[in-house]
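Sequential numbering of the sequence shown, starting at 89, is according to the working numbering.
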Amino acid sequence: MSERELYCDTCGGVVPFETPPCADGHGADCPELACTGCGTAVLIATVPFRPARLAARRRPPAHRHAA
Ligand SMILES: [Zn+2]
Ligand SMILES: [Zn+2]
Numbered sequence: 089m090s091e092r093e094l095y096c097d098t099c100g101g102v103v104p105f106e107t108p109p110c111a112d113g114h115g116a117d118c119p120e121l122a123c124t125g126c127g128t129a130v131l132i133a134t135v136p137f138r139p140a141r142l143a144a145r146r147r148p149p150a151h152r153h154a155a
């Protein structure tokens with residue numbers, strides 16, 4: 089079971105969060121965690137998904153002179 093301690097705004101402190109039953113098919117990699125104290129669900133951004141290569145993003149041409 090993946091469980092970790094995170095800060096919960098509602099509880100006002102650090103409480104254990106656990107992976108809720110996932111209905112989205114994430115399985116063990118589900119990025120959702122639910123507070124065991126109040127039930128608030130959060131998304132964690134630290135899940136090591138496959139590295140995305142964003143460096144090759146298209147960018148508009150720079151230094152375009154307006155005639
Ligand atoms: Zn999920
Ligand atoms: Zn909470």
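Ideal Cβ placement from N, Cα and C applies to all residues, glycine included.
Gly115: beta carbon under 7 Å from a heavy atom of ligand 2?
It does not: the Cβ of Gly115 is nowhere closer than 7 Å to a heavy atom of ligand 2.
Measuring only the C-alpha atoms, how far is Leu121 from Leu94?
Whole-angstrom Cα-Cα distance: 9 Å.
For ligand 2, list every residue whose C-beta falls under 6 Å from any of its heavy atoms, going in chain order.
Those residues are Cys96, Thr98, Cys99, Val103, Cys123, Gly125, Cys126 and Thr128, given in chain order.
Assuming Cys96 contacts Cys118 under a Cβ cut-off of 8 Å, what Cβ separation, rounded to an integer in Å, is found between them?
That belief does not hold up - the Cβ atoms of Cys96 and Cys118 are roughly 18 Å apart, past 8 Å.
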